[in-house]
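Participant: One structure coming up, written as C-alpha cells, with questions to follow.
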Amino acid sequence: MRLLFHLWGKSNSWFLLRPLLNWLCFSAWEDNSTKVSYFLVIFFIAAFWYGLVPLAGAVFNRYSWVLFRKRFNDLSHYPLLCYTQYRKLKDEGGVYRFTGEIDSITDGHTLWVRGENLTIPVSLKKTKCWLLPVQDGEGIPEPPEQVRWNSVSTLSEGIKVFIGGQIKMQDNRLSFVTTKENPLTIIFYNCPDSSLTDEIIRCARTRNEYWNSITPVSIVIGAMSLVCMAVYFLNRPAYRLTIITALVAVFLPILPMFPPGLLLTLLYRRITWHARKLRAYWDLVRLPMRYLQDGEESASLSTGEKYGFIKINSPSEAPENTPFLIPEDSKEENPDWHFFGVLPPESSGENNESAEIHFPKNSSIDPFVSYGLLYDQPKRLASTYAFRAYSLEVLAWFLLLSGIAINVAFIFVILSLLKLV
Numbered sequence: 002m003r004l005l006f007h008l009w010g011k012s013n014s015w016f017l018l019r020p021l022l023n024w025l026c027f028s029a030w031e032d033n034s035t036k037v038s039y040f041l042v043i044f045f046i047a048a049f050w051y052g053l054v055p056l057a058g059a060v061f062n063r064y065s066w067v068l069f070r071k072r073f074n075d076l077s078h079y080p081l082l083c084y085t086q087y088r089k090l091k092d093e094g095g096v097y098r099f100t101g102e103i104d105s106i107t108d109g110h111t112l113w114v115r116g117e118n119l120t121i122p123v124s125l126k127k128t129k130c131w132l133l134p135v136q137d138g139e140g141i142p143e144p145p146e147q148v149r150w151n152s153v154s155t156l157s158e159g160i161k162v163f164i165g166g167q168i169k170m171q172d173n174r175l176s177f178v179t180t181k182e183n184p185l186t187i188i189f190y191n192c193p194d195s196s197l198t199d200e201i202i203r204c205a206r207t208r209n210e211y212w213n214s215i216t217p218v219s220i221v222i223g224a225m226s227l228v229c230m231a232v233y234f235l236n237r238p239a240y241r242l243t244i245i246t247a248l249v250a251v252f253l254p255i256l257p258m259f260p261p262g263l264l265l266t267l268l269y270r271r272i273t274w275h276a277r278k279l280r281a282y283w284d285l286v287r288l289p290m291r292y293l294q295d296g297e298e299s300a301s302l303s304t305g306e307k308y309g310f311i312k313i314n315s316p317s318e319a320p321e322n323t324p325f326l327i328p329e330d331s332k333e334e335n336p337d338w339h340f341f342g343v344l345p346p347e348s349s350g351e352n353n354e355s356a357e358i359h360f361p362k363n364s365s366i367d368p369f370v371s372y373g374l375l376y377d378q379p380k381r382l383a384s385t386y387a388f389r390a391y392s393l394e395v396l397a398w399f400l401l402l403s404g405i406a407i408n409v410a411f412i413f414v415i416l417s418l419l420k421l422v
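Each residue of the sequence shown is one higher than the last, beginning at 2 in our numbering.
Structure representation (C-alpha cells):
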C-alpha cells in the first residue's frame, strides 16, 4: 500500500487517476476490504489506459478526417481557376480551386502547377500536403498520406495535383498561399478528376481507429502500472489472485488475437469494415445536396450551369453507362430513382407532354460535380446509412469485448484447473 501511495505522489502519469485510486484504497483500508479494492484499481487502470485514452485518440482522428472531407467539400462551392479568371484577378485575389500536374519546384518551397492553359505558383510554406494512394480491389482503402512540404520535391513530375485555397499577391506575383482563414488544401492523386471526390470520401478515414498515435504510449503506461502492482505483492501469498489478475490485465490488448475469442475478433474486423463502407455511402449520398438546399430541385453552380435532378421509374430509362452514386443496388420494392447532373437549358415555348425527356448530362465544366443515380431521396438514404453504420459499430464493439471476456474467463478456468488460483 505504501509503495502505491509513493508512486502516486512521485509519478506525473498518475495525476488523472489519483483522486479515484486514493478513494478506493482509503475506503479499502477503512472497510477492511483491501483485496476487492485492488481488483477495482486493476480494472480502472486497464479501462483507462487500454480503453478510454485510445478511444479519445480514435475520436480525435475521426474528427480530423471529418474536417478534412468537409474542407474538400466546402471548396466545391468556389470556382475553378482558368486563364481568363486569372487575368482578371487583382492583388487581393480570392478563393479558388485548381487542378493540374507538377511542373517544377523552385526556391525549395514554391510548387509550379501546370494546367490546361495556365501555370501557377503555389507556396508550400506551412502547408499540409496529402498523397492519395492508388486503390486496388475492394479491400479497406489506405487513408491519404500526409507529405511534408519540404518533401514534395521527391514526387515525380507529371503527377496530378488538386489545390484549393486563397490566391493573393506574393513576391510580386499571384500565388496560392496558406492563410489563417483559408489554409491551402493540396492533394496529389493519380485518378480521373471526376473520381477524385469519391476516392477522397472512401479513403479519408482511419483503417484502425483504436490504433492511433497515442495508443502505444497509453498501452505502455497501463502495462507498467499493472506490472508495478504485481511486483509489489509478489512476496505476499495472500494476494496471489491479485497478482494473477494484474498480470492477466497486462496482456488485455493482445487477448483478442488468441482463441477462443479469436472468432469474435474476426467478426469484429469484418463488421467494422462494413460499417466503414456504410459511413462512406452516408457521405456519398449527400454529395448532390452540396448544391441543393432542402426542397430545391435545381441550383446554379459556380460555372454558371444549372444543377439538379429528375425522377425516373427505373435505371433503364437513363442513358447508357449512367453511373450509380453508390455501388449498392436497391433492395426496395418501389425505389424512388433520382437522376442527378447538369440540367440542359429549358426549351422555349409551351410545354409539350409528348416531348422527349431532357436527362441531366455529364458534361459540366467542373469535373467534381456529382453525376449519377440514387434509388431514393438523398436525405432519407443518409439517415438509413447513418443508422446502419452506427448500429454495426455498436455490434462490433460488443463482439470484441465479449471475445476479451471469454478469453479472460478461459485463462482463469485453466489456472483454476492447475490450482494456481
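In this text, a Cβ means the ideal position worked out from N, Cα and C, and glycines have one as well.
In chain order, which continuous runs of the beta strand (DSSP E) of length 3 or greater are located wholly inside the segment 84-126?
Facilitator: Fully enclosed beta strand (DSSP E) runs of 3 or longer: 95-107, 111-115 and 120-124.
Participant: Quick one: give me the first and last residue of the beta strand (DSSP E) that residue 308 is part of.
Facilitator: Note, residue 308: beta strand (DSSP E), 307-313.
Participant: Hey, residue 40 and residue 243: beta-carbon distance below 8 Å or not?
Facilitator: Taking 8 Å as the Cβ cut-off, residue 40 and residue 243 qualify as a contacting pair.
Participant: Under 8 Å, with one C-beta from each stretch per pair, do the segment 376-385 and the segment 279-292 reach the 3-pair mark?
Facilitator: Contact holds: three or more Cβ-Cβ distances are below 8 Å.
Participant: If you follow the beta strand (DSSP E) that residue 291 is part of, which residue opens it and which one closes it?
Facilitator: First-last for residue 291: undefined, no H or E at that position.
Participant: Once you ignore the five residues that flank residue 394 on each side, which residues in its own chain have a CB closer than 6 Å to its CB?
Facilitator: Once the five neighbours on either side are set aside, the close Cβ partners of residue 394 are 276.
Participant: Where does residue 78 fall in DSSP's three states?
Facilitator: Three-state DSSP puts residue 78 in coil, outside helix and strand.
Participant: If I'm right that residue 187 touches residue 103 with Cβ under 8 Å, what's the distance once you round it to whole angstroms?
Facilitator: Actually they do not touch by this definition, with Cβ atoms about 11 Å apart.
Participant: Do you know how far the Cα of residue 409 is from the Cα of residue 308?
Facilitator: Using only the alpha carbons, I get a separation of about 58 Å.
Participant: Work out the CA separation of residue 63 and residue 387 for me, nearest whole Å.
Facilitator: One C-alpha to the other measures close to 15 Å.
Participant: Quick check: residue 136 and residue 144, are their CB atoms within less than 8 Å of each other?
Facilitator: Going by C-beta atoms, residue 136 is not nearer than 8 Å to residue 144.
Participant: By the 10 Å Cβ neighbour count, where 16 or more other Cβ atoms means buried, how is residue 349 classified, buried or exposed?
Facilitator: Residue confidence is low: residue 349 scores 36 on pLDDT, short of 50, so the model does not pin down where it sits. No coordinate-derived value is stated.
Participant: By the three-class DSSP mapping on this structure, what secondary structure does residue 178 have?
Facilitator: The answer is strand: DSSP assigns residue 178 an E or B state.
Participant: Residue 109: buried (16+ other C-beta within 10 angstroms of its C-beta) or exposed?
Facilitator: Its Cβ having fewer than 16 others within 10 Å, residue 109 is exposed.
Participant: For residue 42 and residue 66, I'd like the C-alpha separation in whole angstroms.
Facilitator: Going from the Cα of residue 42 to the Cα of residue 66 covers about 35 Å.
Participant: Please confirm if the segment 172-188 is in contact with the segment 202-211, defined as three or more CB-CB distances below 8 Å between the two stretches.
Facilitator: Counting Cβ pairs under 8 Å, fewer than three are found: no touch.
Participant: Between 107, 362, 267 and 52, which has its C-alpha nearest residue 322's C-alpha?
Facilitator: Among 107, 362, 267 and 52, the Cα nearest to that of residue 322 belongs to 362.
Participant: How many angstroms separate the CA atom of residue 420 from the CA atom of residue 261?
Facilitator: Cα-Cα distance, rounded: 21 Å.
Participant: From residue 1 to residue 370, what distance separates their C-alpha atoms?
Facilitator: Here the chain covers residues 2 to 422 and nothing more, so residue 1 does not appear.
Participant: Using the DSSP secondary-structure output, state which residues sit across from residue 258 in a beta bridge.
Facilitator: Note: residue 258 sits in no beta bridge, so no partner.
Participant: So, is residue 88 buried or exposed, given that buried needs 16 or more other C-beta atoms within 10 angstroms?
Facilitator: By the 10 Å Cβ count, residue 88 comes out exposed.
Participant: Counting pairs of Cβ atoms below 8 Å between the segment 50-59 and the segment 78-86, do you hit three or more?
Facilitator: They do not touch, by the three-pair rule.
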